[in-house]
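Colleague:
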Ligand SMILES: [Zn+2]
């Protein structure tokens, strides 16, 4: 079923404008509308497939594992980037005093948690996809729950909670943030990585920008809307860390969606230029990691 958003999830008002018509270039080729709240500027897919309907937009092996069998340049770059990304993520959480106990929401097959565990952290995951969850449990030996609420039963507080490119997929946006707030140690950090719809590459590629990824990405954040959203739940941004490789990855996919060809050279240039332009007019990088803490009362 389709579900219609009638009140902005951030500012609660009900007047929206058309931002963009785009399509599911990854899988179904279906068209979707991204609306923008007239009050706070938040962008979201509306109407959107509801929780029961969204499953069929994930019916791709590639989406679960990103593990293309062909060892083409694209997948090789992706794998290199993934190893680099896991180490980078670990660097962010390890530097935090309360990161001894970590919860990764949307942990997929558990590679990040596996790495954290090998470095001595106590790890827990949440993953709704059955195949990915079983893999994380059996192959990577991680304790993984199906739903977020279950993770709070065995471990009421976590020093660090992470959502790596997951928040934009979650139907119950505000409910999820409230649960996270309740599970986070008062001195803990909450780390949220999301694409940035204000980035230079988002502007360049328009409806072909791969990080719109409709309807799987239900929301399209920028610094302003992320600050407002998390502020509503008692969090404040203490640091924003760029994910510079995402500019290249997203540009490659976007080029493919736009021209149905692998324009490697143009993609490399776009990725480089997006990172270069990130400081201009407060645009920010293609994807960004928000490191959040609970506001002190
Ligand atoms: Zn709004």
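Numbering (the numbering used here), first residue to last: 548 to 844. Using N, Cα and C, we set each Cβ at its ideal position, and we do this for glycine too. Nothing here was measured: the structure is a model prediction, and the numbers come from that model.
With a Cβ-Cβ cutoff of 9 Å, do residue 786 and residue 745 count as a contact?
Modeller: no
Colleague: I want to check one thing, is the minimum distance from the CB of residue 559 to the heavy atoms of ligand 1 below 8 Å?
Modeller: Between ligand 1 and the CB of residue 559, the shortest heavy atom gap is smaller than 8 Å.
Colleague: Around the C-beta of residue 847, are 16 or more other C-beta atoms found within 10 angstroms, so that it is buried, or is it exposed?
Modeller: Outside the shown range of the chain (548 to 844) lies residue 847, about which nothing can therefore be said.
Colleague: What do you reckon, is the C-beta of residue 663 under 8 Å from a heavy atom of ligand 1?
Modeller: no
Colleague: Would the beta-carbon of residue 723 fall within 9 Å of that of residue 695?
Modeller: yes
Colleague: Does residue 630 pass the burial test, meaning 16 or more other C-beta atoms within 10 Å, or should it be called exposed?
Modeller: exposed
Colleague: What do you reckon, is the C-beta of residue 586 under 8 Å from a heavy atom of ligand 1?
Modeller: Yes; taking the cut-off as 8 Å, the Cβ of residue 586 has a heavy atom of ligand 1 nearer than that.
Colleague: Do you know offhand how far residue 817's Cα is from residue 632's?
Modeller: Those two C-alpha atoms are separated by around 20 Å.
Colleague: Under three-state DSSP, which class holds residue 572?
Modeller: coil
Colleague: Around the C-beta of residue 689, are 16 or more other C-beta atoms found within 10 angstroms, so that it is buried, or is it exposed?
Modeller: buried
Colleague: Among 650, 762, 822, whose alpha-carbon lies nearest the alpha-carbon of residue 574?
Modeller: 762
Colleague: In the DSSP assignment, find the unbroken alpha helix (DSSP H) run with residue 748 in it and report its ends.
Modeller: 747 to 752
Colleague: Starting from residue 773, follow the beta strand (DSSP E) in both directions and report where the run begins and ends.
Modeller: Premise fails: residue 773 lies in the alpha helix (DSSP H), 770 to 779, not in any beta strand (DSSP E).
Colleague: Skipping 5 residues on each side, what residues in its chain have a beta carbon closer than 6 Å to that of residue 792?
Modeller: 628
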